[in-house]
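Undergrad: I'd like to ask some things about the structure below.
As structure tokens, then:
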């Protein structure tokens, strides 16, 4: 039911959420709301809890305390409405799998039958086409470059027909040209979907995002796309000199779409 | 070899080799891509405890080993799913406890006259007709499970977290396939013995993995390689009067080194 959504109701609501790994606090008293069709950048230092926050949203981890709601429901019951692009999929390097078989994973359990239907194949090909990867569909995933692989995993997430797309450091293995290309695709997808992207590319991201979430055990939400000195400092845990002139220190472009 | 097929034991050996190849091709592929080789070795050795129980209590061999292998497999799976970082230690302990139990129970069994060597090193030439039926049944179950759960299996093996998000019952399917590993081990032990079983589960899939574009292709290619190794090993063992299990494994190992040599030459050529 897509029509019952409205702009005033947040798609993701987190209140007073805390989470720890074996007693060491990863996230402390997090309260955060994300609205429909936002393009959110999640930034913060390594080990600050970015991936933990994502996994809590997906229902892969259970909070110690506090509440998390996706479309007003517990995450586990609606995780199929979220398209997830994990941080490092290529752990199993020599695995014999083709591009199309990976994208077809996105169609799992959309119907009770365990086999692939014609409709699934069409949806998978469309997702690949959307990311300009259709010509590689029968290639082994290992034979592709880092950027191409990343696009395959985004296609897999798209094949699930999600309302929210969450990407965890999608550009870690991509050159700067590939990055802008990828963010261009995400911007296009943002017309219909809420997008949450964990990334260090604050500079490249700045012209696409609508809001910023800073995660460093605590979470700060900034509902404009401006990334400040303070946020950069927090992100890198050391003072960062921003290349900017004028007051206030604006390093990022304003949103032309707004 | 053809005239040898006039003997029933040779026909049984041939059929056992073919069914074993099919089971190894499919289950072995699952083992290799999921990095479950150590777990497989653990279950295989723990089944020695089952042999001890079967002989001590005078119950059929197949019940003792099957029961013991399944219990060992369930404990190992539970540990693997709950505390992955400690899994290798637990598997090692169960491996040793199973073997020790078997040895002690055999000590306590008065006047057993079963040739224990046939369990350790296998005896494809002594496979009975009822063993063949067990293997045929298991082959059908394995093929059915692999076809029915193919997409789930692929997703679980490649990216289990994503599979979980899609609502695939990951733990259940994982559990099911590890039980299939346990049952397969009990069957294949008849052919090559529990010490060598690990080689037949790993060498054919390992070679097949390098030349496959999909898991299905890997399963088919591993099965064909296992057929090649089993039948040529059987032929050599028959012709030169050698221990069949060890001969089959050495043929497989030769295949393994030839494939490595081919890779080495090929890689050197592309590098220069």
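Protein chains in written order, with this note's numbering: chain A, 1 to 258; chain B, 259 to 530. No residue lacks a Cβ here, since even glycine has one placed at the ideal position from N, Cα and C.
1. Do residue 312 (chain B) and residue 319 (chain B) have their C-beta atoms within less than 8 Å of each other?
2. Taking a contact to mean a Cβ-Cβ separation below 8 Å, would you say residue 414 (chain B) touches residue 428 (chain B) in this structure?
3. Name, in chain order, the residues that DSSP records as bridge partners for residue 69 (chain A).
4. At 4 residues or longer, what runs of the alpha helix (DSSP H) sit wholly inside the region 281-338 of chain B?
5. Using the three-state DSSP reduction, which class does residue 174 (chain A) fall into: helix, strand or coil?
6. Can a CB atom of chain B be found closer than 8 Å to the CB of residue 24 (chain A)?
7. Taking 8 Å as the threshold (beta carbon to beta carbon), is residue 236 (chain B) in contact with chain A?
8. To the nearest whole angstrom, what separates the beta carbons of residue 510 (chain B) and residue 279 (chain B), a pair I think is in contact under 8 Å?
9. Consider the Cβ of residue 94 (chain A): report whether some Cβ of chain B lies at a distance smaller than 8 Å.
10. Is any beta-carbon of chain D found at less than 8 Å from that of residue 432 (chain B)?
11. Using the Cβ count rule (16 or more neighbours within 10 Å means buried), how would you classify residue 168 (chain A)?
12. Quick check on residue 252 (chain A): buried or exposed, where buried means 16 or more other Cβ atoms within 10 Å of its Cβ?
13. Go through its chain and collect everything with a Cβ distance to residue 299 (chain B)'s Cβ below 6 Å, but skip five positions before and after it.
14. Can you say whether residue 391 (chain B) is buried or exposed, counting buried as having 16 or more other CB atoms within 10 angstroms of its CB?
15. What's the C-alpha gap between residue 237 (chain A) and residue 172 (chain A)?
16. According to a CB-to-CB cut-off of less than 9 Å, which residues of the region 402-427 of chain B neighbour chain A?
17. Could you name the residues of the same chain whose beta carbon sits closer than 7 Å to that of residue 290 (chain B), not counting the 5 residues immediately before and after it, in chain order?
18. State the CB to CB distance for the pair residue 17 (chain A) and residue 63 (chain A), rounded to an integer number of angstroms; the pair is presumed to be in contact (CB under 8 Å).
19. Can you list, in chain order, the residues of its chain with a C-beta nearer than 7 Å to that of residue 437 (chain B)? Leave out the 5 residues immediately preceding and following it.
20. What residues are listed by DSSP as bridge partners for residue 41 (chain A)?
21. Closest to residue 148 (chain A) by C-alpha separation, out of A:69, A:68, A:130 and A:216, would be which residue?
22. Taking the alpha carbon of residue 482 (chain B) as the reference point, which residue from B:408, B:339, B:525 and B:286 has its own alpha carbon closest?
23. Using a Cβ-Cβ cut-off of 7 Å (strictly less than) and excluding sequence neighbours within five positions of residue 263 (chain A), which residues of its own chain qualify?
24. Residues of chain A with CB closer than 9 Å to the CB of residue 473 (chain B), please, in chain order.
25. Along chain A, which residues have their Cβ under 9 Å away from the Cβ of residue 476 (chain B)?
26. Taking C-alpha atoms, which residue in B:297, B:359 and B:315 lies nearest to residue 334 (chain B)?
27. Please classify residue 519 (chain B): is it buried, with 16 or more other beta-carbons within 10 angstroms of its beta-carbon, or exposed?
28. In angstroms, rounded to a whole number, what distance separates the CA positions of residue 52 (chain A) and residue 422 (chain B)?
29. Could you pull the DSSP bridge partners for residue 274 (chain A) from this structure?
30. At 4 residues or longer, what runs of the alpha helix (DSSP H) sit wholly inside the region 374-403 of chain B?
31. In or out: residue 170 (chain A) buried (at least 16 other Cβ within 10 Å) or exposed?
32. Give me the Cα-Cα distance between residue 113 (chain A) and residue 128 (chain A), rounded to the nearest whole angstrom.
33. Report the three-state DSSP secondary structure of residue 93 (chain A) (helix, strand or coil).
34. Kindly indicate the opening and closing residues of the beta strand (DSSP E) around residue 221 (chain A).
35. Classify residue 237 (chain A) as helix, strand or coil using the three-state DSSP reduction.
TA: In this structure, then:
1. yes
2. yes
3. A:13
4. 295-315
5. coil
6. no
7. Nothing can be reported for residue 236 (chain B): it is not among the residues displayed for chain B, which extend from 259 to 530.
8. So it is not a contact: roughly 11 Å between Cβ atoms.
9. yes
10. Among the protein chains of the structure shown, namely A and B, there is no chain D.
11. buried
12. Only weak support is given to the placement of residue 252 (chain A): the predicted model assigns it a pLDDT of 45, under 50, and the value that follows is read from those uncertain coordinates. By the neighbour-count rule (16 or more Cβ atoms within 10 Å), residue 252 (chain A) is buried.
13. 456
14. exposed
15. Since pLDDT at residue 237 (chain A) reaches only 48, below the 50 mark, its modelled position is unreliable, and the value read off the structure follows with that caveat. When rounded, the distance between both Cα atoms is 19 Å.
16. 405, 406, 407, 408, 409, 410, 412, 413, 415, 416, 417, 419, 420, 421, 422, 423, 424, 425 and 426
17. 460, 463, 464 and 467
18. 5 Å
19. 328 and 331
20. A:197 and A:212
21. A:130
22. B:286
23. Beyond the ends of chain A as shown, which are 1 and 258, falls residue 263 (chain A); an answer cannot be given.
24. 95, 96, 97 and 101
25. 96
26. B:297
27. exposed
28. 17 Å
29. Only positions 1 to 258 of chain A appear in this structure, which leaves residue 274 (chain A) out of reach.
30. 375-379
31. buried
32. 23 Å
33. coil
34. 218-222
35. Here the model assigns residue 237 (chain A) a pLDDT of 48, short of 50, so the residue's position is not dependable and the matter cannot be decided.
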